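Number of protein chains: 2
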Amino acid sequence: MPVTLRDVARQAGVSPAAASKVLHGAGGNVRVSPEKAATIREVARELNYRPNRLARSLRKASTQTVGLVFERFGSIAEGPLYYPYLLDGVASVLFENHYRLAILPEVDSEDAWGTLADGRLDGVIWCKYDSGRGRMPAEARPPIPVVALNAGSPLKVRGLVSIFCDNECGTRLALEHLAALGHRRVAFLMESGEEDTPDAVARRDAFLLWARSSGIEASDADVLTWDREARQLGEWWRTAPPHTAVLAWNERMAAMVLRRAAEEGLRVPTDLSVVGYDSTAYCDALTPRLTAVRQPIREMARAAAQAVLGMIRGEDPPQAQTIWPCTLDVRESTTSPARR
Amino acid sequence: MPVTLRDVARQAGVSPAAASKVLHGAGGNVRVSPEKAATIREVARELNYRPNRLARSLRKASTQTVGLVFERFGSIAEGPLYYPYLLDGVASVLFENHYRLAILPEVDSEDAWGTLADGRLDGVIWCKYDSGRGRMPAEARPPIPVVALNAGSPLKVRGLVSIFCDNECGTRLALEHLAALGHRRVAFLMESGEEDTPDAVARRDAFLLWARSSGIEASDADVLTWDREARQLGEWWRTAPPHTAVLAWNERMAAMVLRRAAEEGLRVPTDLSVVGYDSTAYCDALTPRLTAVRQPIREMARAAAQAVLGMIRGEDPPQAQTIWPCTLDVRESTTSPARR
DNA sequence: GTTTATTGATAAAACCGTTTATCGGAGGAC
DNA sequence: GTCCTCCGATAAACGGTTTTATCAATAAAC
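Keeping their order, the protein sequence lines are chains A and B.
When you number the first sequence by the working numbering, it's gap-free, plus one each residue, and the end is 808.
When you number the second sequence by the working numbering, it's gap-free, plus one each residue, and the end is 808.
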């Protein structure tokens, strides 16, 4: 039997309204004299009163909670560090603003979006939903602010406040860097299972486009997949491939390339240059330190959280779509190709 | 103006109680005829009715939500993969059971624990609170199930259902492995800032204890810190240290050792064996693959979540304290020391 | 100097959207 | 006629917040 506001009020000889005003500063035009206020506070402390936020939220229609929808939360540990950085960014902004963070399971049907409008959330950040499996229909959108963060392709979230990272920019920077070093044949190494996501398609197209315009030969044959075609890759290593550099899908794959190269007796970067995608804390721990494209994912996540909070406060949403540029963190895994 | 249960009931010409029974199967002894039930369902669909879970939770005093309290959520991305694995384990169990996960900011004062009892949580998993800064007083404990997961030392959470990983076991396994390979001088490499946590103290003590009993010389001088005494470590590398192996605090530090060794011209494992703590997906990506102590953190997290859910259901809590053993994943970063 | 407006302090009651305990009417079995 | 059984409405929670009403004391208006 927890102590309620009514208990405090009764004990202090005042009305619940007065206690609410004093303890929570709740709205209304209720006025309380300083003496009674002191009594109320005293009694509340004595009784160890704890407000029930559920009741307050119900009345005020605000829960001080923002939900985060993940497409595949299960890959947070085994996958790249993308998700942890994202989580860190979102959580930091929410906590600074005294909001809570709810992690929601993947929504599997379009209808399920409606279930987000169950009163428990003030807003939603929607990450990486829709890897090509349809779009969120306007009528299914929950009636609370939603911000999409790197969620599929811009087209699919039309009309939604959305934040993207410029896949083309990242790929271009990597290729221009390699071209400037003198590389002419570069392999693009994809992660198995990701091939059909909008990000993958965008980065693959960007690879083919920008390679050519940088003076690098590139065709579909230069796009390799780690898992699905393990055999092909194994052959690739052994057949003295023409590539002098590899652009890897993420920093985990880049690490695998580094290790595999060492096993094959290839020196990095002398014999093979390697560029990773996602410049994280691990890039500095690898041997050699990994040159990698930096997606400012933590900053993007912070921006997404700030946008949601702003919309919750009733401010006009910021630009409908924001596309963030990538940068390239040049470390030690790239250099000019050795003569053949 | 969202559609409420009352709206549906009015439109269907029945009482809210009947609608509640039909749409949510809510308790009560209200009976509804099949025809009226069909009407109610029809109207609910037409009106696109969404139940307000806040109201339901208030009434039923249950939110289907479990909170996770982190000590330093901010290190989720830059730190070791410990947290992502933990998060994965907890989330997987909760989602399987249709519970939600709330991430709570670090509680900074002992009093703050009381604020967890605000009605929004059915239970709490408490990770890594109390790195030596006091204990959770019994009277401050929230009146909901709490499970401590690797939270400080067993003594400090006395009386709380708690799950620990056996620090001594992990350290012992690593040392016995190294001793069996013939190593006689091993360095223990700590992470700066962690030195005073219960885990660190336990593992440090275990290092000193088990090193000796394994025939390895070990004193305080063999315990090094990466950041704080960067100078000392720099010297360590250059002065042909007597150590033939390093036991690193986590897999990130181990990776740094690998890279630094490469920079210093030391071959791993021939010249220096390296053992990491926390055997994660990254250990397989490093060069060479990293031998590491495996804390079954994902499984422990699952167990913690299951314990909380059980206690919420009113089952008797499991054993007050469970200590999980570590194992050693032997990979390629350890071998017998080269002759000097 | 009365009347009226204003202000401050407070109680009482309505409300948020569910769930559930209580009660009662209709119809059939005995 | 009494006793169940099946349906279903009504109203009271749940624990806060907000609106409205009340009343006294003070200030402004005549």
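Ideal placement from N, C-alpha and C gives every residue a C-beta, glycine not left out.
Note that the structure is a prediction, hence the values are computed from the model and not measured.
The shortest C-alpha to C-alpha distance from B/Ala773 to any of B/Val561, B/Val471 and B/Leu572 is the one to B/Val561. Of the residues A/Met724, A/Glu732, A/Gly778 and A/Leu734, the one whose Cα lies closest to the Cα of A/Leu754 is A/Met724. In this chain, the alpha helix (DSSP H) harbouring A/Trp678 covers Pro666 to Ser681. If you draw a 10 Å sphere on the C-beta of B/Ser741, you find 16 or more other C-beta atoms in it, and that means buried.
Your pair A/Glu783 and A/Met721 does not check out as a contact, with CB atoms roughly 40 Å apart and the cut at 8 Å.
Relative to the Cα of B/Pro793, the nearest Cα in the group B/Gly778, B/Pro785, B/Glu800 and B/Ile765 belongs to B/Ile765.
When A/Tyr750, A/Thr759 and A/Glu539 are compared, the shortest CA-CA separation from A/Ala619 is found for A/Glu539.
Sorting A/Gly542, A/Ser682, A/Asn718 and A/Arg518 by C-alpha distance to the C-alpha of B/Glu564 places A/Gly542 at the top.
Taking a Cβ-Cβ cut-off of 7 Å, the neighbours of B/Ser525 in chain A comprise Leu522, given in sequence order. DSSP places B/Val714 in the uninterrupted beta strand (DSSP E) bounded by Ala713 to Ala716. For A/Val614, the enclosing beta strand (DSSP E) covers residues Val614 to Leu617. The C-beta separation of A/Tyr745 from A/Gly661 comes to about 16 Å, leaving the pair out of contact by the 8 Å criterion.
Within a 10 Å sphere around the beta-carbon of A/Glu703 sit fewer than 16 other beta-carbons, which makes this residue exposed.
According to the DSSP assignment, B/Gly778 belongs to the alpha helix (DSSP H) that extends over Ile765 to Ile780.
When beta bridges are read from the DSSP output, B/Trp594 appears opposite B/Val537 and B/Ala616. The three-state secondary structure of B/Val761, taken from DSSP, is strand.
For A/Arg640, the enclosing alpha helix (DSSP H) covers residues Asn635 to Leu649. Here the alpha carbons of B/Pro519 and A/Ala642 stand approximately 50 Å from one another.
In this structure A/Ile791 is in contact with A/Phe632, their Cβ atoms being roughly 5 Å apart against a cut-off of 8 Å.
In the DSSP assignment, B/Asp556 falls within the alpha helix (DSSP H) that extends over Tyr550 to Glu564.
When beta bridges are read from the DSSP output, A/Ala730 appears opposite no residue. DSSP lists no beta-bridge partner residue for A/Asp586.
Between the alpha carbons of B/Arg706 and B/Ala686 lies a distance of about 20 Å. Nearest to B/Val629 by alpha-carbon distance, out of B/Val615, B/Asn635 and B/Thr531, is B/Val615.
Going by beta carbons, A/Leu569 and A/Leu536 fall inside the 9 Å limit. When 9 Å is used as the limit between beta carbons, A/Gly778 is near no residue of chain B, the shortest such separation being about 20 Å. The Cβ of B/Pro666 sits no closer than 9 Å to any Cβ of chain A. With fewer than 16 other Cβ atoms from the protein chains shown falling within 10 Å of its own Cβ, A/Gly733 counts as exposed.
Here DSSP, grouped into helix, strand and coil, assigns B/Leu628 to coil. About 7 Å separates the Cβ atoms of B/Leu491 and B/Ile508, confirming a contact at the 8 Å cut-off.
Taking the C-beta atoms as reference points, A/Ser747 is found nearer than 9 Å to A/Val761.
Beta-bridge partners assigned by DSSP to A/Ala570: A/Gly535 and B/Ala570.
For A/Ala655, the enclosing beta strand (DSSP E) starts and ends at Val654 to Met658. Residue B/Asp690 holds the alpha-carbon nearest to the alpha-carbon of B/Pro709 among B/Leu796, B/Asp690, B/Val500 and B/Glu663. The beta carbon of B/Asn516 falls within 9 Å of a beta carbon belonging to chain A, placing the residue at that interface. For A/Asp556, the chain B residues whose C-beta falls within less than 9 Å of its own C-beta are Phe541, Gly542, Ser543, Ile544, Ala545 and Glu546, listed in chain order.
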